[in-house]
Amino acid sequence: MKKITFRDSIRWNKESFKLFKKTPNQSLMLSLAYLFIFMLLPSMPMIQIFSIASILIWPIFLVFAVNFYKTHDKNKEENFLAVFEKIKPRLATLLMLGLICLIYAAMVTMVLNSEMQGFIKLSENNNELVTVINNFVPMIGKLILLLLPLLMATWFSPMLIVYNNYSLFKSIKSSIAGCLMYIFPLGLSWLIFSTIAILFMLSCGLLIGALASLFPAIGPSLMGAIIFFALLVITSVMFAFQYISYRDIFKSAKSY
Numbered sequence: 001m002k003k004i005t006f007r008d009s010i011r012w013n014k015e016s017f018k019l020f021k022k023t024p025n026q027s028l029m030l031s032l033a034y035l036f037i038f039m040l041l042p043s044m045p046m047i048q049i050f051s052i053a054s055i056l057i058w059p060i061f062l063v064f065a066v067n068f069y070k071t072h073d074k075n076k077e078e079n080f081l082a083v084f085e086k087i088k089p090r091l092a093t094l095l096m097l098g099l100i101c102l103i104y105a106a107m108v109t110m111v112l113n114s115e116m117q118g119f120i121k122l123s124e125n126n127n128e129l130v131t132v133i134n135n136f137v138p139m140i141g142k143l144i145l146l147l148l149p150l151l152m153a154t155w156f157s158p159m160l161i162v163y164n165n166y167s168l169f170k171s172i173k174s175s176i177a178g179c180l181m182y183i184f185p186l187g188l189s190w191l192i193f194s195t196i197a198i199l200f201m202l203s204c205g206l207l208i209g210a211l212a213s214l215f216p217a218i219g220p221s222l223m224g225a226i227i228f229f230a231l232l233v234i235t236s237v238m239f240a241f242q243y244i245s246y247r248d249i250f251k252s253a254k255s256y
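Written out as structure tokens, the structure reads:
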């Protein structure tokens, strides 16, 4: 690991956006694939079993996403099969990491299930926005706290498994250690990233409002399209940020 300063936090965000701007079309397609596989397919009533499979393969997809930005950062080109050949020897370990994610997510769901069901009933039967928000904020706060260990355990571990040849538990331990050791620069980067994302969404909202007032008939369609585009951009930049933070914190001759 190398020393990371607060100045690096700002640089991480700048470089994330630069990497996105370097390959905007491919980055958006990557985000589209992510949203389709991990959000749209699991939500379909007839194939909800895919939600289990999607969690299992999530670490594998993450390596593909990070490798995409790694190759473009190094001004190289790699096709799908070349990346898969890198992953193939570590496929079982990545699937085991996905299984751990699945078990942890199931435990979190069990802990918060009654609270989530209560919130759903409240939101359906209560028209007072303040009451709904007052119940939503504590619940989402608990969810974030419960998922934080999982986020730290998986932020770097898929890349450490493939690029650094770490074992499953060494990769998880190292990922958590990396997050804790650099919690302040990582936290600042997340704060900057989240603020930019929120401002971006607000800008999209203002644009939607202006367009809806000019073209009322197509306002709802424009709203959906612009929000979806914003989500694609945010997802792409998040993958780039994940690569850059891994690159700088776990930079090694073996993986590079």
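Anchor point for the sequence shown: position 147 equals 147 in the UniProt record's numbering, and the numbering is continuous, going up by one each time. Ideal Cβ positions, reconstructed from N, Cα and C, are used throughout, including at glycine. Predicted model only: the values in this text are computed from it and were never measured.
Between the alpha carbons of residue 106 and residue 149 lies a distance of about 14 Å.
As the crow flies, the alpha-carbon of residue 200 is around 33 Å from that of residue 163. Of the candidates 210, 197, 11 and 68, 68 places its Cα closest to the Cα of residue 84. Of 94, 177, 231 and 169, the smallest CA-CA separation from residue 61 is found for 94. With a 10 Å radius around the Cβ and a threshold of 16 neighbouring Cβ atoms, residue 158 comes out buried.
Taking a cut-off of 8 Å for Cβ pairs, the segment 36-43 and the segment 240-250 do not touch, as fewer than three such pairs fall below it.
Within the model, the alpha-carbon separation for residue 186 versus residue 111 is close to 28 Å. Residues of the same chain with a CB within less than 7 Å of the CB of residue 19, apart from the 5 flanking positions on each side, are 69, 72, 73 and 240 in chain order. Residue 99 holds the alpha-carbon nearest to the alpha-carbon of residue 169 among 225, 194, 226 and 99. When the beta-carbon positions are compared, residue 40 and residue 232 stay at least 8 Å from each other. In chain order, 13, 16, 237, 238 and 241 place their CB closer than 8 Å to the CB of residue 193, counting only its own chain and leaving out the 5 sequence neighbours on each side.
In this structure, residue 174 sits away from residue 161, with a CB-CB distance that is not shorter than 8 Å.
Residue 55 and residue 102 have their C-alpha atoms spaced approximately 6 Å apart. For residue 248 against residue 4, the beta-carbon gap comes to about 6 Å, under 8 Å, which counts as contact. In the structure shown, the three-state DSSP call for residue 38 is helix. In the three-state scheme derived from DSSP, where H, G and I count as helix and E and B as strand, residue 166 is classed as coil. Remark: C-beta atoms of residue 226 and residue 207 approach each other more closely than 8 Å.
Listed in chain order, the non-local C-beta contacts of residue 153 below 7 Å within the same chain comprise 172, 175 and 176, local neighbours out to five positions each way being set aside. Going by DSSP, residue 5 is part of no alpha helix (DSSP H) at all; its letter is neither H nor E. If you draw a straight line from the Cα of residue 80 to the Cα of residue 57, it comes to about 16 Å.
Shown here for residue 191: not one same chain residue has a beta carbon closer than 6 Å to its own, the five before and five after excluded.
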